[in-house]
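Below is one structure, written out as structure tokens, with a few remarks after it.
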Amino acid sequence: MERLKNITHSVVNSSFENQTLNAGINKAQNWWKNHQNHNISLPIVQDTPPSSSRDDHHSGQLIVTILCAEDLYESRLSMFTASTPVLERPYAIIECNHQRFQTKQADSISTNQNPQWTDDNGPFYFDRINPDFIDHLTIWIQQKDTLHVRKHKQTKTLGMCEVDIRNLIDQEQIWLPLKKDNKPVGQILLQIAFISQEK
Numbered sequence: 022m023e024r025l026k027n028i029t030h031s032v033v034n035s036s037f038e039n040q041t042l043n044a045g046i047n048k049a050q051n052w053w054k055n056h057q058n059h060n061i062s063l064p065i066v067q068d069t070p071p072s073s074s075r076d077d078h079h080s081g082q083l084i085v086t087i088l089c090a091e092d093l094y095e096s097r098l099s100m101f102t103a104s105t106p107v108l109e110r111p112y113a114i115i116e117c118n119h120q121r122f123q124t125k126q127a128d129s130i131s132t133n134q135n136p137q138w139t140d141d142n143g144p145f146y147f148d149r150i151n152p153d154f155i156d157h158l159t160i161w162i163q164q165k166d167t168l169h170v171r172k173h174k175q176t177k178t179l180g181m182c183e184v185d186i187r188n189l190i191d192q193e194q195i196w197l198p199l200k201k202d203n204k205p206v207g208q209i210l211l212q213i214a215f216i217s218q219e220k
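All the letters of the sequence shown, read from the start, carry residue numbers 22 to 220 under this note's numbering.
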């Protein structure tokens with residue numbers, strides 16, 4: 022009788038151990054099923070946070086004035102028609118952080134190859150600029166070409182540049198190289214100021 026009790030006790034214990042073991046195996050299998058794909062790519066954390074987070078204590082106002090440009094490309098036509106309005110004087114478009122401004126045409130006393138701006142050339146105020154984030158200032162020098170109006174080519178770009186604003190923060194004046202079709206086409210002079218709006 023005592024032996025029968027021992028056998029019964031062993032069977033009960035074995036059954037309980039098997040249930041416990043099976044439960045552990047099931048948990049392990051479920052975990053493995055949920056983690057089978059080891060090639061799942063994690064979301065990429067971007068350098069630039071949403072624009073709503075730009076209102077922190079580092080942001081400020083970037084103030085830019087466009088002064089002049091040098092050694093711009095000058096077509097043969099503009100050389101022969103300097104006294105006619107076939108090619109108008111160059112103007113500049115400047116953009117940063119989804120804010121865009123445009124100058125008037127260059128001064129009449131300057132040339133198309135070396136234009137100067139003293140009227141409506143700034144200062145242009147770019148708000149909510151944070152030097153801790155990646156922002157770019159982009160400038161295009163353009164010129165209206167009345168000969169090509171009918172061909173839907175009213176303007177042509179003489180040169181453009183794009184610069185990280187972090188390279189401008191500590192500057193007062195800076196020459197920036199202009200390019201067209203990945204070739205150098207002169208340079209442009211900017212006057213810079215940055216006003217920090219610390220909170």
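Every residue gets a Cβ at the ideal spot worked out from N, C-alpha and C, and that includes glycine.
- Here DSSP, grouped into helix, strand and coil, assigns Arg-121 to strand.
- Burial check for Asp-185: the Cβ neighbour count within 10 Å stays below 16, so the residue is exposed.
- When Pro-111, Pro-152, Phe-154 and Gln-123 are compared, the shortest CA-CA separation from Pro-136 is found for Pro-111.
- For Pro-198, the uninterrupted beta strand (DSSP E) segment begins and ends at 194-201.
- Going by DSSP, Ser-131 is part of no beta strand (DSSP E) at all; its letter is neither H nor E.
- If you check the CB distance, Asp-156 and Asn-118 come in under 7 Å.
- Taken through DSSP and simplified to helix, strand or coil, Ile-115 comes out as strand.
- In this structure, Ile-150 sits away from Ala-113, with a CB-CB distance that is not shorter than 7 Å.
- Here Ile-213 carries a strand assignment [DSSP, helix/strand/coil].
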